[in-house]
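Accompanying notes for the structure given below.
4 protein chains.
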Amino acid sequence: MNVIIDLCVVPLGVGVSVSSHVAACQRVIETSGLEHRLHAYGTNIEGPWDEVMAVVKRCHEVVHEMGAPRITTTLKLGTRTDRDQHMDDKVSSVERLLDRGE
Amino acid sequence: MNVIIDLCVVPLGVGVSVSSHVAACQRVIETSGLEHRLHAYGTNIEGPWDEVMAVVKRCHEVVHEMGAPRITTTLKLGTRTDRDQHMDDKVSSVERLLDRGE
Amino acid sequence: MNVIIDLCVVPLGVGVSVSSHVAACQRVIETSGLEHRLHAYGTNIEGPWDEVMAVVKRCHEVVHEMGAPRITTTLKLGTRTDRDQHMDDKVSSVERLLDRGE
Amino acid sequence: MNVIIDLCVVPLGVGVSVSSHVAACQRVIETSGLEHRLHAYGTNIEGPWDEVMAVVKRCHEVVHEMGAPRITTTLKLGTRTDRDQHMDDKVSSVERLLDRGE
Numbered sequence: 001m002n003v004i005i006d007l008c009v010v011p012l013g014v015g016v017s018v019s020s021h022v023a024a025c026q027r028v029i030e031t032s033g034l035e036h037r038l039h040a041y042g043t044n045i046e047g048p049w050d051e052v053m054a055v056v057k058r059c060h061e062v063v064h065e066m067g068a069p070r071i072t073t074t075l076k077l078g079t080r081t082d083r084d085q086h087m088d089d090k091v092s093s094v095e096r097l098l099d100r101g102e
Numbered sequence: 001m002n003v004i005i006d007l008c009v010v011p012l013g014v015g016v017s018v019s020s021h022v023a024a025c026q027r028v029i030e031t032s033g034l035e036h037r038l039h040a041y042g043t044n045i046e047g048p049w050d051e052v053m054a055v056v057k058r059c060h061e062v063v064h065e066m067g068a069p070r071i072t073t074t075l076k077l078g079t080r081t082d083r084d085q086h087m088d089d090k091v092s093s094v095e096r097l098l099d100r101g102e
Numbered sequence: 001m002n003v004i005i006d007l008c009v010v011p012l013g014v015g016v017s018v019s020s021h022v023a024a025c026q027r028v029i030e031t032s033g034l035e036h037r038l039h040a041y042g043t044n045i046e047g048p049w050d051e052v053m054a055v056v057k058r059c060h061e062v063v064h065e066m067g068a069p070r071i072t073t074t075l076k077l078g079t080r081t082d083r084d085q086h087m088d089d090k091v092s093s094v095e096r097l098l099d100r101g102e
Numbered sequence: 001m002n003v004i005i006d007l008c009v010v011p012l013g014v015g016v017s018v019s020s021h022v023a024a025c026q027r028v029i030e031t032s033g034l035e036h037r038l039h040a041y042g043t044n045i046e047g048p049w050d051e052v053m054a055v056v057k058r059c060h061e062v063v064h065e066m067g068a069p070r071i072t073t074t075l076k077l078g079t080r081t082d083r084d085q086h087m088d089d090k091v092s093s094v095e096r097l098l099d100r101g102e
């Protein structure tokens, strides 16, 4: 079962700036080799369920190891059995409709 | 690592009513033996990370087996290393402040 | 247009404990007179769209006034045009299925 | 009060494909003139709170007008009072750390 997720990890108790923690998560994601894309409010990741979820868990572990005593994460998870779908397909199918004025 | 999550599984392509799918997820959660509580827009579950995440995966599998070709789930995940915290603590610490008029 | 939301306001830069900020949001919600219910990872609120959204905005304003320099909120919003639905209906329709063993 | 949001509108009761509804929301967003960026699991939008929230409401109205009897939306909302921040800043501050190997 493949999954496309949108991951937003928020450390608490580390002050206002969280970019170093987000960067640490990005390195976890890059190390995984999974397809991913950073945006302004999270990161899209796609791949086999267990691999993707291992990344999410590793992000929590790494952010705690950096000293964050508390983390609250928001995650969206999409799966489908009717056909394969990739992150790029989702964006391009919407853009195609917009280009055609539909 | 313990986690408190808020799980909201939304099947697509099965019509407007999704209560039978939500009920199926509730049975998955109950079978797990994990502490949980249903509310109007999701279910709080707490326990060890891997057990809780196995429940989330099983919910996706079960809802697909029921015929839903597509699922989009929203998940919040909270972990902390500074102290133990349970779902009831979170609610009661807020209620205590409200009672004291703070 | 009526809406049922699930609101989770997270202040950043105020330390690990956020219960006083959550309690302040609860008071904003109670003052609004809207139907609501606190759970372990947010608060369900229902009512007319503009009234509910005014509460969400007021929560951000109040939490900033308490000194939080940054807030990240997670919100789920449900609307439907096919019929009226209330928070209690959502919970009880699932519980009815569970009781019937469906 | 400026806000950066991540908006994901999910119509129910319209079948498996939701790209035409997402495209309709994109047109609402483009008409607003607000800064925005589509990704694989939502759209980032930034601007003054009331303008951004008017777009979210208009999306619900338009998707219902297209025939969707039910909508469930996931929204993240970020505000800060310590300094101005834009969507691009959030991405580039993380990328800068990654480039520096921090």
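Chains as they are written, first to last, in UniProt numbering: chain A, 1 to 102; chain B, 1 to 102; chain C, 1 to 102; chain D, 1 to 102. For every residue, glycine included, the Cβ atom is placed at its ideal position computed from N, Cα and C.
Which class does B:H86 belong to by DSSP, given the choice of helix, strand or coil?
-> coil
Every unbroken beta strand (DSSP E) inside the segment 42 to 82 of chain D [3 residues or more] = 42 to 48, 70 to 80
Please work out which residues of its chain come closer than 7 Å, Cβ to Cβ, to A:M66, disregarding the five sequence neighbours upstream and downstream, and give them in chain order.
-> H21, A24
Kindly give me the distance between the Cβ atoms of B:V91 and C:H39, rounded to whole angstroms, as I take these residues to be in contact under 8 Å.
-> Rounded, the Cβ-Cβ distance is 7 Å, consistent with contact.
Are there 16 or more other CB atoms within 10 angstroms of the CB of A:D88, so buried, or fewer, so exposed?
-> exposed
Is the distance from the Cβ of C:T73 to the Cβ of C:V16 below 7 Å?
-> no
Opposing strand residues paired with B:I5 [DSSP bridges] | B:I45, B:L77
Exposed or buried, which one is D:E46 when buried takes at least 16 other CB atoms within 10 Å?
-> buried
Reduced DSSP category for B:R37 - H, G, I as helix; E, B as strand; rest coil = strand
Rank C:L77, C:I71, C:R100 by C-alpha distance to the C-alpha of D:T81 and give the top, closest one.
-> C:I71
For A:T31, is the classification buried or exposed, using 16 other Cβ atoms within 10 angstroms of its Cβ as the cut-off for buried?
-> exposed
To the nearest angstrom, how far is it from the Cα of D:I4 to the Cα of D:Q85?
-> Just so you know, the alpha carbons of D:I4 and D:Q85 end up roughly 9 Å apart.
Please state whether DSSP places C:V16 in a helix, a strand or coil.
-> Of the three classes helix, strand and coil, the one that applies to C:V16 here is coil, per DSSP.
By the criterion of Cβ-Cβ separation under 7 Å, what are the contact partners of C:T43 in chain D?
-> The contacting residues do not exist; C:T43 stays about 15 Å from chain D at best.
Applying the criterion that 16 or more other CB atoms from any shown protein chain within 10 Å of the CB defines a buried residue, is B:P11 buried or exposed?
-> buried
Per DSSP, C:V10 forms a beta bridge with which residues?
-> C:T72
Cβ of C:T72 within 7 Å of any chain A Cβ | yes
Check whether the Cβ of C:P48 lies closer than 7 Å to any Cβ atom in chain A.
-> Cβ-Cβ to chain A under 7 Å: no for C:P48.
CB contact below 7 Å: A:V16 versus chain C | yes
Nearest-angstrom Cβ-Cβ length linking D:G42 and D:L7, presumed shorter than 8 Å | 6 Å
Please work out which residues of its chain come closer than 8 Å, Cβ to Cβ, to B:D50, disregarding the five sequence neighbours upstream and downstream, and give them in chain order.
-> none
Under 7 Å between beta-carbons, which chain D residues line up against A:A23? List them in chain order, please.
-> V94, L97, L98, E102
7 Å Cβ cutoff, A:V66 in contact with chain D | It should be noted that the sequence gives Met, not Val, for residue 66 of chain A. Chain D, which has no Cβ nearer than 7 Å to the Cβ of A:M66, makes this no.
Kindly list, in the order they appear in chain B, the residues whose Cβ is closer than 9 Å to that of C:G13.
-> Within chain B, no residue comes near C:G13; the closest Cβ sits about 17 Å away, beyond 9 Å.
Cβ neighbours of A:P69 in the same chain (closer than 6 Å, five flanking residues each side left out) = G13
Residue from C:N2, C:K57, C:R83 with nearest C-alpha to C:V28 = C:K57
Within-7 Å CB hit, C:K76 to chain B | yes
Quick one: does D:K57 have its CB under 7 Å from some CB of chain C?
-> Between D:K57 and chain C, the shortest Cβ-Cβ separation is below 7 Å.
Can you name, in chain order, every residue of its own chain whose Cβ lies under 7 Å from the Cβ of B:V55, other than the five neighbours on each side?
-> Excluding positions up to five away in sequence, the list reads V28, I29, S32, L34, I45.
Three-state secondary structure assigned by DSSP to D:R100 | coil
By a C-beta neighbour count over all protein chains shown, 10 Å radius and 16 as the cutoff for buried, is A:M1 buried or exposed?
-> exposed
Between the Cα of C:P48 and the Cα atoms of C:G78, C:E61, C:V63, C:H64, which residue gives the shortest distance?
-> C:G78
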